[in-house]
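Single-structure report; data block below.
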Amino acid sequence: MNLDLRIPMGLMFTLVGLILSVYGWATRGSLLYLRADNLDVNLYWGLVLLVFGSGMFLLGRRGERRAREEMLRKPPQAEAQGGRRRGH
Amino acid sequence: MFGHTQLTAIDWLIMLLYFVFVLGIGFALKRYMKTSKDFFQAGRALPAWICGLAFMSANLGAQEVIGMGASGAKYGIATSHFYWIGAIPAMIFVGIFMMPFYYGSKARSVPEFLLLRFDEKTRALNACSFAVMTVFSSGISMYAMALLIQTLHIFDGLFLTLGLPLGWIFHFSMLLSAIIVLGYIFLGGLTSAIYNEVLQFALIIAGFLPLVLIGLHNVGGLSGLRAALPTAYMHSWRGMEHASTNPLGVDAFGLAMGLGFVLSFGYWCTDFLVIQTAMATDTQENARRVPLIAAIPKMFFPFLVILPGLLAIAATTPHNVTTETVVNGTIVRETRVVSKAEAEGHGLVPAKMDPLTGKIVLDASGKPELDYDLAIPSMLLHYLPSGLLGLGLTALLASFMSGMAGNVTAFNTVWTYDLYQSYIRKGASDQHYLKMGRWATVGGILLSMATAYAASNFNNIMDTLQLVFSLVNAPLFATFLLGMFWKRTTGNGAFAGLIAGTAAAMAHHGLTLPIEAHPGLHGGWIAVLHHYPSDMAQNFWTAIWAFSTNFIVAIVVSLFGKPKPESELVGLVHSLTPRAKATEHIWWKRPEALAVALLVTVVVLNLIFR
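Below is the structure:
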């Protein structure tokens, strides 16, 4: 079994989303957002990325769990015959 | 040109996080790199959706993000021809018709396919020209990235704090991108490059989508954008009946034949840079799906990379402004001082500065020339606050690295399999070739750096790449088309066709010149027999000449030679290969159904923006 891409990708976007939304919440309504038409863009976009990232992460974990269960069910020669699959 | 880019700790944190994950993926994949197949072909075990996004992302280099934004600002929505005419049909063709031969032949690279179908010399010619082209493309990405970092003064604050000379920023930027790309490819090979390309793809959407939304909000939505721009900017097909009546300076035939057929099919159907991602998937049917999956986001990418160019032109040209705000009972005055280049520009596209004299470059009529390549970067700096700015700049850097990485993995595979294993050291152990692949990655990066220093003569990145593609790729598609669909084509025919096609491309470039260009790198270096209305028209016609010459010469030479026995061409030529049985029984899940849906959508998009 190999690395499921959704896990690191989900983790990265969750962290970026978290950073942006916390920073956005702390700075909401400030002069910082004059250039962005006074929209609290860090907060809104941070939340979007947080949802996207955690969704990807959860899907990756579920996929990895399923792949592990599938491998346990399969006879050992299937792996030797090139039945390897990565990333989901 | 721009003032110091004020990056805060949040921006640096986001950038750092990205670099940590990119290298982390490389480290996590290192333990799976046991054989050369794992390293060069990702073990042929990746799922279609990952390869599909990487197929698209491998093309997301400097030319895509900066170049398409620049063209959007210069030509308007007509730039979408590079997607809807110049990419989608070719992506469908390679998925439906060509992938069964690439994947089914078990060739490990595109040059190796040429060896199986034709002969050794055709493979050698293609492998050498391809290796040079990948290094050149990667070098251009690297150069463009370093130049952009320098122009936007991204690292100035950091260098001033550390007491380092600002003149080192260019070299530091090159070195940084080289180390990161080298790091993750050296560790995880093609799998790492593909994984990071998908990550970069997601990051580009995450970084650019808020920019488009804020920009649209600022100009009053699509209707506001339409009202702020000349009518021609919002139509892709208006005035295309003649080269002189549209901003591209190309007529419909030149566009459809040059871009829509020769250049686009030459790139998407034969360039190992993208083909390698499709060949990394687990089954032939999935390999056919890969370009089709890639075509879905590709179709909508104009809204992410061209639209910012239009928004940059439509925005109000900045000037010194002092804003007064009352914060907790205190009047806060903030003055935004704009540079001369910004003030002399149009919208958010700054005027071009002469790097030597520091003066604004004027055109023949005495007006300031615009630096369209800075359309997207200046949008990022103008609209995005700290936080999102870090994300946007990271997305920009990711796009450059994505373009570099694809080229470097293609280079290390072609070097190791098609040059080293074939001509320098045959019959060595698999571990030896795995090691060679890793060192070829180092060599590829070093050559890219050398190219980057040499590539600083061109200003418009996209024109440069189009020129390289037209000289190297355009004749190539005729070779594949004949090779896959005409069993009579011989190795000698293919080889002679390729040589003649490239010679025709060079001759055409040397004998023609775009209006207002000087003989030299832009053409006319033999003699000027014909003037084209634009660089783009010259590039398209160079490609048409190269393709046609290759096609005719290959047919004529093949007719005088003896073709390979039919038994050796099974799996390589369409008419001699039994059709693979569809493993997918639900009709709408088959690649053909997806291809039809894509064609219909692309026609609808062309009709909407006609």
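Each protein sequence line maps, in turn, to chains A and B. Each residue of the first sequence is one higher than the one before, counting from 0 in numbering that gives the first Met the number 0. Each residue of the second sequence is one higher than the one before, counting from 0 in numbering that gives the first Met the number 0. Backbone N, C-alpha and C define an ideal beta-carbon position, used for all residues, glycine too.
DSSP places Y531/B inside the beta strand (DSSP E), whose first and last residues are H529 to Y531. Annotation: L2/A is outside any alpha helix (DSSP H) and is labelled neither H nor E by DSSP. With contacts defined as CB atoms closer than 9 Å, L355/B and A279/B fail to qualify as a contacting pair. Excluding the 5 residues flanking it on each side, V471/B has same chain C-beta neighbours closer than 6 Å at S128 and M132, in chain order. Taking the Cα positions, M141/B is about 8 Å away from A177/B. The beta carbon of A66/A does not come within 9 Å of any beta carbon belonging to chain B, so the residue lies off that interface.
If you look at T511/B, you'll find it in the beta strand (DSSP E) that goes T511 to P513. Rounded to whole angstroms, the gap between the alpha carbons of S222/B and M448/B is 45 Å. Within chain A, the C-beta atoms nearer than 8 Å to that of V197/B come from L4 and M8, in chain order.
Under the three-pair Cβ rule at 8 Å, the stretch 210 to 221 of chain B does not count as touching the stretch 485 to 498 of chain B. Judged by DSSP secondary structure, W48/B falls within the alpha helix (DSSP H) whose first and last residues are A47 to S56.
By the CB criterion at 9 Å, A516/B and A545/B fall outside the cutoff. The C-beta of M11/A comes closer than 9 Å to at least one C-beta of chain B. For R34/A, a Cβ of chain B is located within less than 9 Å of the residue's own Cβ. By the rule that beta-carbons nearer than 9 Å mark a contact, L57/A does not touch chain B. Close to chain A, meaning a Cβ-Cβ distance shorter than 9 Å, are the following residues of the stretch 203 to 227 of chain B: A205, L208, P209, L212, I213, H216 and N217. Looking at the DSSP output, I359/B bridges to M352/B.
No beta strand (DSSP E) of 3 residues or more sits fully in the stretch 149 to 206 of chain B. Proximity of chain A to G482/B at the Cβ level (cut-off 7 Å) is not reached, the minimal Cβ distance being about 29 Å. In this structure T316/B is in contact with G344/B, their Cβ atoms being roughly 6 Å apart against a cut-off of 8 Å.
Among the residues of the stretch 78 to 101 of chain B, none has a Cβ less than 7 Å away from any Cβ of chain A. Runs of the alpha helix (DSSP H) lying entirely within the stretch 405 to 458 of chain B, each at least 4 residues long, are 429 to 453 in chain order. When DSSP states are grouped into helix, strand and coil, G52/A belongs to the helix group.
For F20/B, the nearest CB of chain A lies under 9 Å from its own CB, placing it at the interface with that chain. Think of a sphere of 7 Å around the beta carbon of N1/A: the chain B residues whose beta carbon falls inside it are Y31, in chain order. Contact annotation for G386/B against chain A: L19, Y22, G23 and N41 [CB-CB distance below 7 Å, chain order].
For R332/B, DSSP records a beta bridge to E323/B.
For the pair T244/B and A493/B, the CB atoms are not nearer than the 9 Å cut-off. For A294/B, the number of other beta carbons within 10 angstroms of its own is at least 16, and it is reported as buried.
Taking the CA atoms as reference points, L558/B sits about 8 Å from T488/B. At least one CB of chain B lies nearer than 9 Å to the CB of G45/A. For F26/B, the closest alpha carbon among the candidates I375/B, P229/B and A192/B is that of A192/B. Cβ atoms of I184/B and A363/B stay farther apart than 8 Å, at about 46 Å.
Under the three-state reduction of DSSP output, P367/B falls in the strand class.
The beta carbon of V50/A does not come within 9 Å of any beta carbon belonging to chain B, so the residue lies off that interface. Excluding five sequence positions before and after L46/A, the CB atoms of its chain that fall closer than 6 Å to its own CB belong to S20, given in chain order.
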